[in-house]
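Read the structure below first, then the notes.
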Amino acid sequence: MKIHCVDKRSAAPLRYISGAEISGPGFCECPTRGKKCKKNVSGDEDIPSEKTNRQGNRISLAVYSFPKRYILAIMTFLGFMNMYALRVNLNVAIGAMVNNHTVHQRGYTVTTEAEFDWDSKLQGIVLGSFYYGYAFLQLPGGCLALKLGGTRIFGYTIFLASMLTLLTPVATRYSVYGLIAVRAGEGLMLGAVFPCNHAIWSKWAPPLERTTLVTMAISGCHVGTIITMPLSGLLTKYGFDGGWASVFYCFGAAGILWFVAWQLIVHESPSDHPTISEDEKNYIESSFDRGDASIPWKSILTSVPVWGIMFGNLASDWGLYTILICLPMFLLDILHFDIQTMGFLAATPFLVKSLSGPFGGITADLLRRRGLSTKSVRREAEEWRTVFWVTFVIYVVGMLLFCLLMSADQQPWANGHEGKKNGEREEIKMEEES
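Dropping the structure here:
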């Protein structure tokens, strides 16, 4: 793909209905052609600056040229939102489902009655049952995504988990073991979501945009948690069918609606998309080196940096799951917040995570474009203290192991398999032509 006047370009103006004109970044005046060069330097489709509609009014065509890979990022973002809504809703709703809770409000003691009488051990089993299934499909999910298609498995697993969520109130009222089975089934389905996400972006994300697009999508996890926890608390008080049951009905229905949109909008690869521009398709596909080399499993599993990533991820997930599972009940049973306030407070740690993830991804891609490296729960308060101290220690140990073992350099086993990315070659060509 030939790029004209990358650095010394004058932007062609975009004129809106109001008549205002703004510069159009990514466009240039091409003196070699003697006319405006409408080629977008990011590889997006050619965009005329304006068009005349039937009434003779000039309108901007920017909306029609929105890159399909960014639409995919938005849809995967919403998919992860739904995934975490299905995952964490029980963590708040269980506060209204089990035992009697005493809270202090404005000098009064208020006791709420619950529908189920489960001891703390059984509650722990119920809350942990999701992860019994979740761990099972992590590796097989990636293999399924490669064979059947990442977008297909991504959509259907969230759809099936949404259907199981709709069945949660019925299963719970039948037996606590019915609830455990349903939650384990949800975890089994959603365990394939993250591996599928990587399979999707292996076809859609150009190397120099990969970190931005992936973190943009995964940040939906934290946004989903921020929305789900407070909303679940409100639904337990103001919802229907006992309050807590409406939590599962609402989020299950939301997941199904998302699945319908996913089926209509998303396609497996750029070459399968019926409305993608030729420029965007060529930009994406030309940035990959599609080799048929086998995966060097032995070299990967014996790579020290890979183990550094594994230890770092283990520590991160331990802390994340401790906050997701234990923090809501700690706020409810030890600090005696009402369930609505608890929902809001339990979501606050994820507000920062939702902002830092995309920011870090964008920063990493900017560094790469400039040629820089990207290195650089019993219910007594005393026992809760132990939980948080253990989490703290695991975080610190995981961080130290990650720092000691991790490397940002390409490993020898990756040479020849991935090859030099055409996207990076394009960047060099752009600099030379400027």
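If you count by the numbering used here, then the sequence shown holds residues -14 to 419, one letter each, in order. Backbone N, C-alpha and C fix where the C-beta goes; we use that ideal spot for every residue, glycine too.
(1) Can you give me the Cβ contacts of Gly209 inside the same chain, cut-off strictly under 6 angstroms, excluding the 5 residues immediately before and after it?
(2) Could you check where the alpha helix (DSSP H) with Thr221 kicks off and where it finishes?
(3) How many angstroms separate the CA atom of Leu124 from the CA atom of Leu173?
(4) Do you know whose CA, among Phe62, Leu63, Leu112, Ala81, lies nearest Ile308's CA?
(5) Nearest CA to the CA of Arg137: which residue from Gly163, Pro180, Val73?
(6) Under the assumption that Asn182 contacts Ala202 (Cβ atoms under 8 angstroms), give the Cβ distance between them as a whole number of angstroms.
(7) What does the Cβ neighbour count give for Ile285, buried or exposed, with the cut at 16 atoms within 10 Å?
(8) Taking the beta carbon of Ile280 as the centre, do at least 16 other beta carbons fall within 10 Å, making it buried, or is it exposed?
(9) Which same chain residues, not among the five before or five after Lys188, have their C-beta less than 6 angstroms away from its C-beta?
(10) Comparing alpha-carbon positions, which option in Phe244, Tyr117, Ile79 lies nearest Trp103?
(11) I need the straight-line Cα distance from Arg158 to Leu149, nearest angstrom please.
(12) Measuring CA to CA, which of Leu122, Leu336, Tyr162, Gly237 is closest to Ala146?
(13) Under three-state DSSP, which class holds Phe101?
(14) Go to Ser231, then tell me how far its alpha helix (DSSP H) extends in each direction, as first and last residue.
(15) Rounded to a whole number of angstroms, what is the C-alpha to C-alpha distance between Glu100 and Trp229?
(16) Just reading off the alpha helix (DSSP H) that Ile261 is part of, what are its end residues?
(17) CB Gly64 to CB Gly140, shorter than 9 angstroms?
(18) Using 8 angstroms for Cβ pairs, my map puts Ala177 next to Leu122. What's the rounded Cβ distance?
(19) Applying the criterion that 16 or more other CB atoms from any shown protein chain within 10 Å of the CB defines a buried residue, is Ile310 buried or exposed?
(20) Here's the rule: buried if 16 or more other CB atoms are within 10 angstroms of the residue's CB, otherwise exposed. What is Ile143?
(21) Could you tell me the boundaries of the alpha helix (DSSP H) in which Pro313 lies?
(22) State the CB to CB distance for the pair Met82 and Trp247, rounded to an integer number of angstroms; the pair is presumed to be in contact (CB under 8 angstroms).
Straight from the coordinates:
(1) Met66, Tyr69, Ala70
(2) 205 to 223
(3) 12 angstroms
(4) Leu112
(5) Pro180
(6) That belief holds up - the Cβ atoms of Asn182 and Ala202 are roughly 6 angstroms apart, short of 8 angstroms.
(7) exposed
(8) Answer is exposed; the Cβ neighbour count stays below 16.
(9) Ser254, listed in sequence order.
(10) Ile79
(11) 14 angstroms
(12) Gly237
(13) strand
(14) 229 to 250
(15) Across the structure, Glu100 and Trp229 are spaced so that their CA atoms are roughly 10 angstroms apart.
(16) Element bounds for Ile261: n/a, residue is neither H nor E.
(17) yes
(18) 5 angstroms
(19) buried
(20) buried
(21) 289 to 318
(22) The Cβ separation is near 31 angstroms, so there is no contact.
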